[in-house]
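One structure below.
Number of protein chains: 2
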Amino acid sequence: MLKKQALYQQLKQDIQLQHWAAGQVLTQQQLAQHYAVSRIVVRDAQQALLSEGWLTAHGKAGMRVPGFSAAEAEELAMLRLQLEPLALKLAAPKLSYSQLGQAEDLLQQMHRDKALPPYQRGELNWQFHRLLYQPCDKPHLLQLLDQLHQQVSRYLGYQEHALDYAGTSADEHQQLLALLRSKDTTAACALLTAHISHAATLLVQYLKNKQDA
Amino acid sequence: MLKKQALYQQLKQDIQLQHWAAGQVLTQQQLAQHYAVSRIVVRDAQQALLSEGWLTAHGKAGMRVPGFSAAEAEELAMLRLQLEPLALKLAAPKLSYSQLGQAEDLLQQMHRDKALPPYQRGELNWQFHRLLYQPCDKPHLLQLLDQLHQQVSRYLGYQEHALDYAGTSADEHQQLLALLRSKDTTAACALLTAHISHAATLLVQYLKNKQDA
DNA sequence: CTAATTTAAAATGTATACATTTTTTGTCAA
DNA sequence: TTGACAAAAAATGTATACATTTTAAATTAG
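First to last, the sequence lines map onto chains A and B.
In terms of my numbering, the first sequence has 83 at position 83, counting the first letter as 1, and numbering is strictly consecutive.
In terms of my numbering, the second sequence has 35 at position 35, counting the first letter as 1, and numbering is strictly consecutive.
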């Protein structure tokens with residue numbers, strides 16, 4: 001694989017797994033030496049991660065690993081609530097049964113293996129949602145959603161139980177598919193809103209507790 | 001100035017002024033030679049422009065200059081309508097009179113000079129809107145809006161009269177400020193919605209006419 | 001002539017070397 | 001001691017050179 005992409009993925013994963021502490025400045029040299037690649041490669045990867053929010057610029061003070069906050073989680077949820085139901089509303093009428101089938105497969109895969117690492121489960125979860133939004137045929141909207149997902153997924157590798165994929169979430173996913181199959185777009189959008197709210201509440205609650213401790 | 005930034009701005013402007021035709025593939029070598037810089041500089045600038053939508057990736061076929069379409073303009077307007085009134089609703093209660101004064105100054109500057117080049121007028125227009133949204137204190141929302149603005153501004157260098165800054169738009173800006181000064185957030189948001197719709201309609205109409213011809 | 005395969009050319013990826021800028025450190029004067 | 005200034009170190013920006021990949025062209029087999 002291209003070294004650029006390899007480093008991009010590795011670095012992203014290492015950030016998610018907290019191998020680089022939040023707030024830490026990551027210099028080109030440091031990373032180039034640590035991962036044994038040239039600075040050029042590091043620059044490219046950094047740039048990509050920066051534009052996706054895995055790193056944040058601080059003027060000329062270099063790029064830092066962003067931290068976590070309940071406020072940020074809440075903002076991200078607000079934006080998801082603003083955009084995802086819209087995407088679903090536009091996409092729902094165009095969803096084919098074959099796509100619904102694919103979605104079903106993803107759900108099954110997601111809940112079958114109990115020992116799936118958090119970030120893989122999060123990835124499947126997003127693939128599921130993304131699949132349902134896809135037919136809306138609005139490239140910019142989908143791009144914004146991908147971007148938001150990147151931000152949210154920073155929080156996920158983080159703590160498994162924060163999202164409760166195995167519990168209520170699983171039911172909500174099934175119900176959502178059922179509503180879509182029966183062409184009840186309005187109800188599906190309402191359920192999606194509740195679903196996002198619910199997941200967000202859990203995460204925000206968790207972060208607030210952690211702030212106090 | 002840093003060559004990277006210089007090229008970034010130059011290239012952006014040249015794209016806006018249609019010096020590079022839509023659909024054209026811009027290779028590193030081509031640009032490096034044309035602007036007399038090394039390919040490294042080109043790479044950096046390209047990457048930045050790509051993440052802002054001034055260039056679009058086509059698999060391994062290189063980066064292309066994106067074209068214009070009524071459908072895209074409509075999508076961008078939809079997203080603005082979904083997000084900007086929200087930003088204003090959150091920001092309005094926190095707007096200081098000093099900020100409203102700044103906004104007033106921007107408006108004046110914008111309408112005084114009749115011969116302002118389109119892209120500068122567009123820039124002032126965005127500064128005005130951005131100033132009003134700023135106090136919402138939602139970094140991600142503001143970032144999404146900046147991004148959307150970049151996309152929209154691609155269309156602006158394009159044709160001056162498409163947005164009618166001198167006509168209805170000027171009135172709407174003034175009214176908006178008045179409503180904000182009187183703390184009528186609800187009415188301000190409603191007016192903003194109408195304002196964005198109006199500008200979008202003009203642009204979309206223009207693009208549709210152009211498609212037919 | 002068509003299509004497949006090889007060969008040449010062009011473009012991009014990557015490393016190293018050098019230039020410039022930024023940060024830090026250390027020294028001296030008040 | 002403190003604060004300003006100079007020197008050194010570190011980090012980033014940029015260019016050139018080389019490696020790899022991709023694309024185009026040319027050649028040949030069917």
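Ideal placement from N, C-alpha and C gives every residue a C-beta, glycine not left out.
For E84 (chain B), the nearest beta carbon of chain A is not closer than 9 Å to its own beta carbon. Across the structure, L207 (chain B) and D184 (chain B) are spaced so that their CA atoms are roughly 35 Å apart. Put simply, the CB of D44 (chain B) is near chain A, with a gap under 9 Å to one of its CB atoms. Secondary structure at M1 (chain B): coil, using DSSP grouped into helix, strand and coil. Around the beta carbon of P93 (chain A), fewer than 16 other beta carbons lie within 10 angstroms, which makes this residue exposed. It is roughly 7 Å from the alpha-carbon of L156 (chain B) to the alpha-carbon of Y119 (chain B). The Cβ atoms of A188 (chain A) and L179 (chain A) sit closer than 9 Å to each other. Remark: C-beta atoms of P139 (chain A) and A91 (chain A) do not approach each other more closely than 9 Å. Contact with chain B is found for E75 (chain A), since one of that chain's Cβ atoms lies less than 9 Å from the residue's Cβ. Proximity of chain A to S96 (chain B) at the Cβ level (cut-off 9 Å) is not reached, the minimal Cβ distance being about 21 Å. Just so you know, the alpha carbons of Q5 (chain B) and E52 (chain A) end up roughly 20 Å apart. Judged by DSSP in its simplified three-state form, T27 (chain A) adopts coil rather than helix or strand.
L131 (chain B) and L177 (chain B) have their C-alpha atoms some 12 Å from each other.
Under the 9 Å criterion on CB atoms, L180 (chain B) is classed as non-interfacial with respect to chain A. A57 (chain A) carries a strand assignment under DSSP once its states are collapsed to helix, strand and coil. Under the DSSP definition of a beta bridge, M63 (chain B) partners with B:L26 and B:A57. Between L192 (chain A) and A77 (chain A), the gap from beta carbon to beta carbon reaches 9 Å or more. Burial check for M1 (chain A): the Cβ neighbour count within 10 Å stays below 16, so the residue is exposed.
D105 (chain A) carries a helical assignment under DSSP once its states are collapsed to helix, strand and coil. Under the Cβ distance rule, I196 (chain B) does not count among the residues neighbouring chain A, no pair being separated by less than 9 Å.
Under the three-state reduction of DSSP, K138 (chain B) is assigned to coil, being neither helix nor strand. In the three-state reduction of the DSSP assignment, F68 (chain A) falls in the coil class, being assigned neither a helical nor a strand state.
In this structure, B:A48 is the residue among B:A48, B:G23 and B:V25 with its C-alpha nearest to the C-alpha of Q10 (chain B). Along the region 132–148 of chain A, the positions whose C-beta sits under 7 Å from a C-beta of chain B are K138, H140, L141 and L144, read in chain order. A21 (chain A) and A200 (chain A) have their C-alpha atoms roughly 24 Å apart. Annotation: the continuous alpha helix (DSSP H) that includes Q120 (chain B) extends over P118 to Y133. For D184 (chain A), the secondary structure class from DSSP, reduced to helix, strand or coil, is coil. Residue-level contact by beta carbon holds for L79 (chain A) and chain B, with a gap shorter than 9 Å. For A45 (chain B), the enclosing alpha helix (DSSP H) starts and ends at R39 to S51. A Cβ-Cβ separation of about 17 Å leaves S153 (chain B) out of contact with L81 (chain B) under the 8 Å criterion.
For L7 (chain B) and G122 (chain B), the gap between their C-alpha atoms comes out near 21 Å.
Among the residues facing chain A, Q47 (chain B) is included, as its CB has a counterpart in that chain under 9 Å away.
Residue-level contact by beta carbon fails for S169 (chain A) and chain B, as no gap is shorter than 9 Å. Looking at the backbone, the Cα of L88 (chain B) and that of P85 (chain A) are separated by about 21 Å. A70 (chain B) is positioned such that its CB atom lies closer than 9 Å to that of Q211 (chain B).
Between R64 (chain A) and Q30 (chain A) a beta carbon distance of about 12 Å is seen, past the 8 Å cut, so the two are scored as non-contacting.
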